[in-house]
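Before any comments, here is the structure.
Residue numbers (this note's numbering): 65 to 287.
Here it is as structure tokens:
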């Protein structure tokens, strides 16, 4: 796997139907011609000829999973020729190029990926629907994936030692990792700021976890 976050990918060099970082908050997809799957509403500009179609959840099975879990961003399929510019609330964008491998992404952080990649919504082992926020989108195959982070993320090597992250802060991770749930004994400690204060994702094995400096949209205090 190559990525701008690893430093082994030059994300400024355009390629046919490839992904290029126009800047750290805007993605340019160069369709020549071609197509791409992107988060619905993420288009900020395009040049040339483009057709936009609602993609939904990719089938009845995925639609059911999305309805039951709330996971998975609504997607649009963009076809055409020319540069397409994508962004999401001015969040930072990071590119991954998968080479017959997989990446698990928090659905809120999935910005775009190439259509030849397969994707599905999967549940974290040990976490039921009642746990909330512990269903994520797995993308596999060979091609480009763009994810967003709120602020500058940290890259954690789970092979060094057991690794834990809030379910809302974990942006993406290697599919080679064993992922489970860690429940904090003292639930009243309010470890995190999101919905999973007493529960974290637990990662073990060979692979990485990308963690953002946020647990999602801030909660507006009631008046």
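The C-beta atom is built at its ideal place from N, Cα and C for all residues, glycine as well.
Item	Value
When the distance is taken between beta carbons, is residue 188 closer than 9 Å to residue 229?	no
Of the residues 271, 95, 90, which one's Cα is nearest the Cα of residue 219?	271
Rounded to whole angstroms, what's the CA-CA distance from residue 52 to residue 118? Just pull it up for me.	In the structure as shown, the chain starts at 65 and stops at 287, and residue 52 therefore has no counterpart that could be examined.
Using only CA atoms, which one of 278, 181, 143 lies nearest to residue 97?	143
Please identify the residue among 116, 232, 176, 241 whose C-alpha is closest to the C-alpha of residue 145.	116
Let me know the secondary structure DSSP gives residue 224 once reduced to three states.	coil
Along the chain, where does the beta strand (DSSP E) containing residue 267 start, and where does it finish?	263-268
Using the Cα positions of residue 112 and residue 234, report the straight-line distance between them to the nearest angstrom.	36 Å
Quick one: Cα of residue 276 to Cα of residue 147, how far?	28 Å
For residue 140, is the classification buried or exposed, using 16 other Cβ atoms within 10 angstroms of its Cβ as the cut-off for buried?	buried
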